[in-house]
Each structure stands twice: as C-alpha cells, then as structure tokens.
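2 protein chains.
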Amino acid sequence: MQLKTLCLGLLEMGDATGYDIKQMFERSLNHFHAASYGSIYPALKQLEQEGHVRSRLETGGHHPGKRLFSLTEQGHAHFIESLTGTEPDENIRSEFLVLMFFSHLLETAVLEQKLDRMEARYNNKLEILGPLLDQKHTAGIRFTIEFGISVMTAKRDFIRKHRDKLLSDHKEPPHSKALPVEKQR
Amino acid sequence: MQLKTLCLGLLEMGDATGYDIKQMFERSLNHFHAASYGSIYPALKQLEQEGHVRSRLETGGHHPGKRLFSLTEQGHAHFIESLTGTEPDENIRSEFLVLMFFSHLLETAVLEQKLDRMEARYNNKLEILGPLLDQKHTAGIRFTIEFGISVMTAKRDFIRKHRDKLLSDHKEPPHSKALPVEKQR
DNA sequence: AACGATATATATCAATTCGATATATGTTTA
DNA sequence: TAAACATATATCGAATTGATATATATCGTT
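Read top to bottom, the protein sequences are chains A and B. For any residue, its number in this note's numbering is found by taking its place in the first sequence, counting from 1, and adding 685. For any residue, its number in this note's numbering is found by taking its place in the second sequence, counting from 1, and adding 685.
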C-alpha cells in the first residue's frame, strides 16, 4: 500500500493540511506505519493532479500559506477500492534482532546495554499507547491500539525472560579490546 | 543500519556470492530484515570500492561469472564498530493494521477475509520458523528465531481472540454495494 | 513589553531500498 | 531430451527517508 492511499484514508476523517496528516500519523499510526513530510507533501500534490483530492489556500492570519485538502467523490471511491484490494501483510525491519543475530561478536557489556535499551524502548512505546485507550475510537482503531500493546508487551517480556541467561552464557568475542561502554553515544 | 553493514556481517560467516547472501537473508533473516538483489549487488560493489571486501571471479564450469566476496581485515573492524554503535530499534510497516484502522469502511465479508488471511499468513510464517529450531545455532541466532515465534504467536492469537466479536459487532459501511468477495484477486 | 522557545506550516533533495525485469548457464525430473 | 527449476548477476524507475531550509504564530517568562 502506498502512502498516497493512506493519505486518502486520513482525509476520509475530515479536511486536513499536510501538517495535520503528519500529526495524525504521529498520534495514531506511528506504531504500525510512520510517514515523513518528505513523502506526505509530494503524495498530496500527486493526489490532486489525479483528481482524488482538492485543495484550497486558507486565508486569514495563517502561516505561510495553509493549504487545506479535501477528498473528492472520486478519491473516496478510489480509496475504498484500494483498501478492499489490499492484501493484509506486514513488514518488519528490526535492527535489534540484527544486533542479536551477531551478538557473539559483541562484548558482554555492550550486549547488556543493547538488551536494556531495547526493553526501555518498548516500555516507552507502551507508555504512549496505553493512554490512547482512554479516548473514544472505532472498533477498528481500538483493535490497532490493543494489538500494539499486546505485541509490544510480548516483545518486552521475551527480552526480560531471556536477558539474564543470555548474559551469563555469553563469551567475550575474539580480539575484544573491552573499551568502556560509555564511549558510545 | 544500512544493508552494506549487514552484508559485511554475513561475510563474517564465510566467503559468499551475492546470490549466497540473498539466500542467507531468506533462510535466516527474513522474519526481521528482508533484502532484495537490487540492493545487495550494489552494496557489495560499494563495499569493494571502500576496501571492506575483496572479490575474485570463480572459474571452472560456473555460472555467468560467479563472484565470490570475502571480508577484509578493515571490513571486519568496520563491521564490529558499526554494530557496537547501532541503537537497538525496530520499524514496523503493517498493511494489516492499516486495514483494521479503516475497517469501518469495509464490508463485513471483506473484513472477515482480511482477518482470516492474516491469521493464515502468521501460521505460514510460524511453520517456516519452527523447523529452524532443530538446527544448531549461536545463542544470538536462536534468540532471533524464538523471539520471532513468540511474537508471531502473540499476533495470531490476538486475531483469534478478537475475530468473532469484531465481526458480529461490525456494521456495513454506507454505500456498500455488497460485491461478491471472490471478485478480489 | 519583549524575548526566546515551541508549534504550525510547506518545500526540496540526495541517498537508500524495493520490486520488476532481463539475461544466461547448470541441474534435476518426467 | 525437453521442460522446469536453481544458480548467478545486473539494471532501473519509483517510493520513501531523513536532513535541511524557510517563515510565521503562539505561549511562557521575566
């Protein structure tokens, strides 16, 4: 699924600027689909050329030139069609697991740091997701939040469960210079 | 972490061709980091220019011109440094959760299909990961497999747990034409 | 009232990666 | 012996990231 399709979907919820769309990503979709300004603005521009959205410049005390986008009838139809035709799937890119894959090449102290930082990161993400449950949502949006919490908890608990044994069984790699861990940024 | 770094890491395990590296990705890293030929070959070329790997053309009955890459001392040092400096993190891109986010716009029959297909997909992935546990691995590689199984199971079970209520509470979207589900590819 | 920090808002661009396509040879199977 | 499959490399347009630049509005503090 392209970002263009997702922007269309977010415009189903009401008119919005590129900035608003970025906010929506950060507030509600970040744990399963991030997007940058560098892709959102070009996507909106293309969608307008294709007739899926319309835009108007907001006048009145506003910033540089606030451009408010709205979905066209055609854009709505196209979104529903795309959504219906999208195969459910997911893509993972885990630098953490890459680190673990090569952990026999890391010093014990470094490995410990990686595990602890990843656990902390999962905890941070859980602290962000938790409060979202207090708001009202459609059943589908609630599903995405609860799914996220459930999966993130499983990941954090997996690290917690294996951490100690992993570290006590771990052997220093050959040629280890045992540099102080603090050297890293 | 760039793909170049990962290729360096895989060459720590022994000399390999671009094709071999692609195989390693598919056999061992696919569930947390995929890579395509279109990025592997250019990565190896660049690594050679940077002096991190060396290559020699294999002669003798072989295919087009089998090019075997091996890590240099410099490449090894660079890999360890990159690895040590990599922040543990992960990136998710879930089209499944996008589908769920907008599920109020899907017909019930379509939603049902999406949920069932995603559950099936998780089951397929689990069937691939399971047998990997029978082989010998470093503790770190075993960790990545068990982590994958554990998380994938949590995801599948989450779908199973919520599926029925989600479907029975679901309302047909406005303007639904109730097209037969089979129309989709 | 003035100042600095933060939030709102858009735009651009090099670098990275995907995914599809093309090409060619070796090996296994029916 | 032919077809199907596995081995092997290369290329390229398109999508996306992440960094950077620019400008105005608003809020908090002294």
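Glycine included, C-beta positions come from ideal geometry on N, C-alpha and C. Just so it is clear, the structure is predicted and the values come from calculations on it, not from any experiment.
Task: Bridge partners - residue 738 of chain B, DSSP secondary structure assignment - done: Counting from 1 along the second sequence, the entry for residue 738 of chain B is found at position 53. Answer is B/756.
Open item on the list: One question on the structure: do residue 719 of chain B and residue 689 of chain B come within less than 8 Å of each other, judged by their Cβ atoms?
Closed with: Along the second sequence, one-based indexing puts residue 719 of chain B at 34. Along the second sequence, one-based indexing puts residue 689 of chain B at 4. Their beta carbons are not under 8 Å apart, which means residue 719 of chain B does not touch residue 689 of chain B by this criterion.
- [ ] Determine, using beta carbons only, whether residue 836 of chain A and residue 762 of chain B come nearer to each other than 8 Å.
- [x] Here residue 836 of chain A refers to the residue found at position 151 when the first sequence is read from its first residue. Here residue 762 of chain B refers to the residue found at position 77 when the second sequence is read from its first residue. Against a cut-off of 8 Å, the Cβ pair of residue 762 of chain B and residue 836 of chain A comes out as no contact.
Task: Identity of the residue in A/739, A/825, A/697, A/756 nearest residue 781 of chain B by Cα - done: As a first step, residue 781 of chain B must be located in the second sequence, where it is residue number 96. Considering only alpha carbons, the answer is A/825.
Task: Own chain partners of residue 740 of chain B with C-beta closer than 8 Å, once the 5 adjacent residues on each side are dropped - done: Within the second sequence, numbered from 1, the residue matching residue 740 of chain B stands at position 55. Correct list, in chain order: 729, 733, 752, 753, 754, 755.
Task: The alpha helix (DSSP H) enclosing residue 831 of chain B, as first and last residue numbers - done: In the second sequence, the residue the question calls residue 831 of chain B occupies position 146. Here the alpha helix (DSSP H) through residue 831 of chain B covers 824 to 854.
Open item on the list: At 4 residues or longer, what runs of the alpha helix (DSSP H) sit wholly inside the region 748 to 816 of chain A?
Closed with: 758 to 769, 780 to 786
TODO: Name, in chain order, the residues that DSSP records as bridge partners for residue 719 of chain B.
DONE: Walking along the second sequence from the start, residue 719 of chain B turns up at place 34. Answer is none; residue 719 of chain B lacks a bridge partner.
Task: Residues bridged to residue 728 of chain A [DSSP beta-bridge criterion] - done: Mapped onto the first sequence, residue 728 of chain A falls at position 43. Residue 728 of chain A is not bridged to any residue.
Open item on the list: Less than 8 Å between CB atoms is the rule here; does residue 773 of chain A satisfy it with respect to chain B?
Closed with: For the purposes of this step, residue 773 of chain A is taken as the residue at position 88 of the first sequence. At least one chain B Cβ lies under 8 Å of residue 773 of chain A.
Open item on the list: Between residue 839 of chain A and chain B, is the shortest Cβ-Cβ distance under 8 Å, so that the two count as touching?
Closed with: On the first sequence, residue 839 of chain A is found 154 positions in, with the first residue counted as 1. So, interface residue.
Task: Backbone CA spacing between residue 770 of chain A and residue 757 of chain A [nearest angstrom] - done: Along the first sequence, read from residue 1 onward, the residue named residue 770 of chain A stands at position 85. Along the first sequence, read from residue 1 onward, the residue named residue 757 of chain A stands at position 72. Cα to Cα, residue 770 of chain A sits roughly 20 Å from residue 757 of chain A.
Task: Whole-angstrom distance between residue 785 of chain A and residue 818 of chain B, CA atom to CA atom - done: Taking the second sequence and counting its residues from 1, the one referred to as residue 818 of chain B is at position 133. Taking the first sequence and counting its residues from 1, the one referred to as residue 785 of chain A is at position 100. Approximately 16 Å between the Cα atoms of the pair.
- [ ] Say whether chain A places a C-beta atom closer than 8 Å to the C-beta of residue 829 of chain B.
- [x] In the second sequence, counting from the first residue as 1, residue 829 of chain B sits at position 144. It does: the Cβ of residue 829 of chain B has a partner Cβ on chain A nearer than 8 Å.
Open item on the list: Does residue 949 of chain B pass the burial test, meaning 16 or more other C-beta atoms within 10 Å, or should it be called exposed?
Closed with: Outside the shown range of chain B (686 to 870) lies residue 949 of chain B, about which nothing can therefore be said.
Task: residue 844 of chain B Cβ short of 7 Å to the ligand FAD heavy atom set - done: In the structure shown, the ligand FAD is absent, as is every other ligand, since no ligand is present at all.
Task: Backbone secondary structure at residue 714 of chain A - three-state DSSP - done: On the first sequence, residue 714 of chain A is found 29 positions in, with the first residue counted as 1. Helix, per DSSP.
Open item on the list: Check this for me: beta carbons of residue 783 of chain A and residue 709 of chain B, under 8 Å apart or not?
Closed with: As a first step, residue 783 of chain A is located in the first sequence; it is residue number 98 there, counting from the start. As a first step, residue 709 of chain B is located in the second sequence; it is residue number 24 there, counting from the start. No, Cβ-Cβ distance for residue 783 of chain A and residue 709 of chain B is not below 8 Å.
- [ ] Compare the C-beta of residue 803 of chain A with all C-beta atoms of chain B and state if any pair is closer than 8 Å.
- [x] The sequence position of residue 803 of chain A within the first sequence is 118, counting from 1. Chain B, which has a Cβ nearer than 8 Å to the Cβ of residue 803 of chain A, makes this yes.
Task: Extent of the continuous alpha helix (DSSP H) to which residue 818 of chain A belongs - done: For the purposes of this step, residue 818 of chain A is taken as residue 133 along the first sequence, with counting starting at 1. No alpha helix (DSSP H) holds residue 818 of chain A; DSSP gives it neither H nor E.
Task: Proximity below 8 Å, CB of residue 790 of chain A to CB of residue 844 of chain B - done: Numbered from 1 along the first sequence, position 105 holds the residue referred to as residue 790 of chain A. Numbered from 1 along the second sequence, position 159 holds the residue referred to as residue 844 of chain B. Taking 8 Å as the Cβ cut-off, residue 790 of chain A and residue 844 of chain B do not qualify as a contacting pair.
- [ ] Drop a sphere of 10 angstroms on the beta-carbon of residue 773 of chain B, count the other beta-carbons inside from all chains shown, and report buried for 16 or more, exposed for fewer.
- [x] To locate residue 773 of chain B, count along the second sequence from 1; it is residue 88. Buried, since its Cβ has 16 or more Cβ neighbours within 10 Å.
Task: Member of A/810, A/768, A/847 whose CA lies at the smallest distance from the CA of residue 832 of chain A - done: The sequence position of residue 832 of chain A within the first sequence is 147, counting from 1. The option with the nearest alpha carbon to residue 832 of chain A is A/810.
TODO: Over the uninterrupted alpha helix (DSSP H) stretch that includes residue 709 of chain A, give me the two end residues.
DONE: Sequence index remark: in the first sequence, residue 709 of chain A carries index 24 (1-based). Per DSSP, residue 709 of chain A belongs to the alpha helix (DSSP H) from 703 to 709.
- [ ] Give the secondary structure of residue 744 of chain B by DSSP, where H, G and I count as helix, E and B as strand, and everything else as coil.
- [x] The residue given as residue 744 of chain B occupies position 59 in the second sequence. Coil.
Open item on the list: Assuming the contact rule is C-beta atoms closer than 8 Å, residue 717 of chain B and residue 779 of chain A should be a hit. Round their C-beta distance to whole Å, please.
Closed with: Here residue 717 of chain B is taken as the residue at index 32 of the second sequence, counted from 1. Here residue 779 of chain A is taken as the residue at index 94 of the first sequence, counted from 1. Their Cβ separation, rounded to whole angstroms, is 4 Å, which keeps residue 717 of chain B and residue 779 of chain A in contact under 8 Å.
TODO: Over the uninterrupted alpha helix (DSSP H) stretch that includes residue 694 of chain B, give me the two end residues.
DONE: Numbered from 1 along the second sequence, position 9 holds the residue referred to as residue 694 of chain B. First-last of the alpha helix (DSSP H) with residue 694 of chain B: 688 to 696.
Task: CB contact below 8 Å: residue 765 of chain A versus chain B - done: The residue labelled residue 765 of chain A in the question sits at position 80 within the first sequence. Closer than 8 Å to some Cβ of chain B, the Cβ of residue 765 of chain A qualifies, so yes.
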